[in-house]
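The block underneath contains the structure these notes are about, expressed in structure tokens.
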Amino acid sequence: MAVVALGLAGAASTNMMAKNKAAFAVQGYRQVATPDKCAIDQQCSNNGNYDCLASDNSTQLFEKIGNNCDVPLKRNTP
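Going by the working numbering, the first residue of the sequence shown is number 42, and it counts up by one from there.
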């Protein structure tokens, strides 16, 4: 019985963390042709249906994971 309760508590906690992650901004990076491959630009809400664009309003921003920035970010305003 205790194992079931612990499992349910863990599942609820994981679900809450997933929901809260969407509330935090994610740093956006532009893809660039340098050894670093990524240039820091601006924060993205990473929720919504609009592409998160760089300050020039035409360049898609990406999340940087490790040395790569290839995960497109979203925002909730056009």
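Just so you know, even glycine gets a beta-carbon here, dropped at the ideal spot from N, CA and C.
Where GLY89 is concerned, there is no enclosing beta strand (DSSP E), because DSSP gives it neither an H nor an E.
Looking at the DSSP output, PHE103 bridges to TYR70 and PRO113. Approximately 6 Å separates the beta-carbon atoms of SER96 and ASP82; this is inside 8 Å, confirming the contact.
Taking CYS79 as reference, the option from GLY89, ASN108 and CYS93 with the minimal CA-CA separation is ASN108. A Cβ-Cβ distance of about 5 Å is found for the pair TYR91 and ARG116, placing them in contact under the 8 Å criterion.
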